[in-house]
Amino acid sequence: MTTATLDTPLAGAYVHPVRDHADADEFLDWLRCPRRVLAVDTETTGLNYFDEVRLVQVGDASDAWVLDPSRHDWLIEQALRGSRRLVAHNAPFDLCHLARVIGSSAAEHLELVEDLGRKTFDTALLSHLLDPRDRSQGGIGHALKDLARHYVDSAAPDGQEVLKDRFRELGLTMSTGWAEIDRWDPDYVRYAGLDAIITTRLFDAILPKVLARGHEDLVEFEHQVQRATTAMTVRGMAVDRHYADQLALELDEERRGAEAEAATYGVDNVNSTAQVAEALTARGITLTEVTPSGQAKVDRAVLEALDDPLAQAVLEAKTASKALTSWVTPILDAANRDGRCHPRIRTLAARTGRMSISGPPLQQLPARDHRVRSCLIAEPGEVLISVDFSQVELRVLAALSCDPRLMGAFDAGLDIHSATAATIFGPEFTAAHRQVAKAVAFGIVYGGGAATLARQAGVDRLVAEEAILKFNRAYPKVRSWSKGLTSSLAWGSEPFLKTPTGRRIPVDTGTEYRSVNYIIQSTARDVFAGALLQLRAAGLDHYVRLPVHDEVVCSVPAPWAEEIGAEIALVMSGTLGGVPIVADFEVCGARWGDKYAPKD
DNA sequence: ACTAGGAGCGCG
DNA sequence: AAAGCGCGCTCCTAGT
């Protein structure tokens, strides 16, 4: 007697729960049929690394089999190891969880994500190559449902919606439902299985599109990059929990003190901008800046400029609570199982292809206050080092624009901002001149104007205009190249850029000026991603703990820190379009924050 | 109870 | 002529 197959709202899609021996036999028969790819998906109690796997689904375009990992881990292992090709949507999540279903030690988990990863396609990567924008940016989005509706079937069911209703029926919520719903609830199983079927159909629909666009090399490249970062997730980064606990107490004290101070001025919630604005106004302060929606602006810059005790207290309270709620507490939560953070690393997150890290957001820890970074530590007997590209975006600008003077400066190994200052202001330039030169370069890279430059560099508007003019004269091809770039956008219904690696970046109409930044940022990202693969090829990737846009954070044996740092920097270095790309390393110490700590 | 958008803030 | 770019996350507020 086999368990009944479940019908689905999707035509020709059938879901088979695997509950008894007969089901398992049927599944094994099905598994023996040849198919190009096997789709895999998991249902878990939550989105965190150590959350429990409740169901594992494998399927093709018409059938999905839903398995209980606590009972049929051997079947799951057989299906995964026996398949030539796998496909998953956001594969790192599923592979990490599947590795923990099948493997029993951290070393085995690593080996499993490597072995399975080598034969896995990720539809989220393919989708990003076709259109990198998420829904809020006017794109299709990258959720399985969004993609299925766009590329497969406009009537594709929304499992999340159905399950939300089902949870409610059962007295559960979206936060408790995933962990508490009965494993064999028919709706839960039906939509779990359906996701594997939809993933297969999505893959079948978009791989040909990606290849037709000539992205074959990028497909391979991105999957390799993803494998490199998934290994980083599995290895994780060690946390000093005792130190972090202490820091949490310290920050909480700071927050409470500053909040009490703010309360004496009538502000009982420092996070309410409306309340802060009102209290400041009551003190006779006129707030001049406004937000896009017209409210009074009370951000850090505004408050600092006020030099007012209330503003001071609000700043202190917000800084402390931000550190606590955004970083220290999340780091402690993430590390509560094995003392390590295993963050999610999205290798293609931004429109430009830049990576993002979440859970916790380790790319965004404060650099000025070393205390938060100090929660993260090297392996026993090791030190953390950081190896970063020097001025990589400006080097990319030089390579893309082919400006002879800019290229020449990098080729000669000059300090680029000093070189620019010398050209603009003459050989007698001052430190302030260098600052202006640096700000102009940033303005070019970000597509800013004179007004922003004036504000950022703290100079007069006329001075800013003059500096930009002189920069353009110094590096004439930078200007001609950017003009050509923005005016030559592929026009059609959707204007887009093509980067040197062939990446396609949509540019919103009306914001064409962003093209320069997009292509520079995206190219720099690809240089960085390429460096990660170089490290892997050189057998140095096992040291790497995190990618941070233009820098890798590595844990290396303390006695060899200098040697390994130099080796990693060398492997990351190279050239782009004739411009040297240079990486430098710095030894932080046992704690990441040691690099930022005041020395005495 | 849950969602969406704005504001703010940390990083590169 | 003018336009600073890209993220993740938390808190607040208003709306359903």
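Per the numbering used here, residue 183 is the first one in the first sequence, and the count goes up by one each step. Ideal Cβ placement from N, Cα and C applies to all residues, glycine included. Quantities reported herein were computed from a predicted structural model and do not represent experimental measurements.
Heavy atom of the ligand MN less than 8 Å from the Cβ of residue i, yes or no?
i    : result
V283 : What this structure holds is no ligand at all, so the ligand MN is not there to describe.
Using a Cβ-Cβ cutoff of less than 7 Å, which residues in the same chain neighbour residue i once the five nearest sequence positions on both sides are dropped?
i    : result
A706 : V574, E575, V578 and D732
K680 : R686
G563 : P739 and A740
L485 : A493, V496 and L497
Q546 : none
K391 : L312
R696 : G629 and V689
For the beta strand (DSSP E) that contains residue i, what are its first and last residues?
i    : result
T226 : L220 to T226
M419 : M419 to V421
E564 : E564 to F571
R236 : V235 to G241
Y196 : Y196 to P199
R528 : R526 to R528
R686 : R686 to P688
E768 : A765 to G771
W247 : D245 to L249
K680 : F678 to K680
S252 : S252 -> no beta strand (DSSP E), and no H or E assigned at all.
First and last residue of the alpha helix (DSSP H) that includes residue i?
i    : result
H731 : Run containing H731: none; DSSP gives neither H nor E here.
L191 : Reading off the sequence shown, one finds Pro at residue 191, where the question assumed Leu. Note, P191: premise wrong, no alpha helix (DSSP H); not H, not E.
G712 : S697 to A719
G666 : P658 to S669
G756 : Taken as a continuous stretch (DSSP letters only), G756 belongs to no alpha helix (DSSP H), being part of the beta strand (DSSP E) at G756 to L758.
S357 : M356 to E362
S538 : That residue, S538, is in no alpha helix (DSSP H); its beta strand (DSSP E) goes S538 to S540.
Q319 : Segment: none, Q319 is in no alpha helix (DSSP H) and carries neither H nor E.
E343 : G341 to E351
G630 : Segment: none, G630 is in no alpha helix (DSSP H) and carries neither H nor E.
A204 : H203 to R214
K327 : L326 to L329
Report yes if the CB atom of residue i is closer than 9 Å to the CB atom of residue j, and no otherwise.
i    : j    : result
E498 : E436 : yes
D529 : E404 : According to the sequence as given, residue 529 is Thr; it is not Asp. Yes; because the gap between Cβ atoms is below 9 Å, this pair is in contact.
R178 : H291 : Outside the displayed range of the chain (183 to 782) lies residue 178, so it cannot be described from this structure.
A206 : V197 : no
T411 : H524 : no
L393 : V449 : no
R267 : V219 : yes
G285 : E293 : yes
L237 : D245 : no
A440 : V452 : yes
F571 : A765 : yes
V554 : C770 : no
S538 : A531 : yes
P729 : L714 : yes
T612 : A656 : no
L376 : G341 : yes
A204 : T187 : no
For residue i, I'd like the list of residues in its chain whose CB is within less than 6 Å of its CB, leaving aside the five on either flank, ordered along the chain.
i    : result
G785 : Because the chain in this structure spans residues 183 to 782, residue 785 falls outside the shown range and cannot be described.
V371 : P199 and V248
F232 : R519
A621 : L635, Q638 and A639
E402 : none
S265 : L220
K479 : E471, V472 and T473
E647 : A632
I702 : E575, V578, L579 and V627
K500 : V452
Enumerate in chain order the residues of its own chain whose CB-to-CB distance from residue i is below 8 Å, with the five nearest sequence positions on each side excluded.
i    : result
N654 : V660 and R661
D316 : G323 and H324
R465 : Y447, D490 and L492
I388 : T305, L308, S309, L312, L329 and Y333
L488 : L462 and I467
Would you call the region 304-312 and the region 265-274 touching, i.e. three or more CB-CB distances under 8 Å?
Counting Cβ pairs under 8 Å, three or more are found: they touch.
Taking the runs of the beta strand (DSSP E) that are 3 residues or longer, which of them lie wholly in the region 257-289?
Qualifying beta strand (DSSP E) stretches, in chain order: 268-270.
Could you tell me whether the region 501-520 touches the region 663-677, where touching means 3 or more Cβ pairs closer than 8 Å?
Inter-segment contact for the region 501-520 and the region 663-677 is absent: fewer than three beta-carbon pairs are separated by less than 8 Å.
Counting Cβ pairs, one atom from each stretch, are 3 or more of them under 8 Å apart for the region 344-352 and the region 378-391?
When C-beta atoms of the region 344-352 are compared with those of the region 378-391, fewer than three pairs fall below 8 Å, so the two segments do not count as touching.
What residue ranges within the region 286-313 form continuous alpha helix (DSSP H) runs of no fewer than 4 residues, ordered along the chain?
Runs of the alpha helix (DSSP H) inside the region 286-313: 288-299 and 305-312.
Entirely enclosed beta strand (DSSP E) segments - the region 549-611, minimum 3 residues:
The region 549-611 is shown to contain whole beta strand (DSSP E) runs of 3 or more residues at 564-571, in chain order.
Let me know the beta strand (DSSP E) ranges lying completely inside the region 385-419, each 3 residues or longer, listed in chain order.
Along the length of the region 385-419, whole beta strand (DSSP E) runs at least 3 residues long do not occur.
Does the region 581-593 come within contact of the region 753-765, defined as at least 3 CB pairs closer than 8 Å?
In short, these stretches touch, since the Cβ pair count reaches three.
Entirely within the region 446-520 and at least 4 residues each: give me those alpha helix (DSSP H) ranges in chain order.
Correct list: 455-464, 482-488, 491-504 and 511-516.
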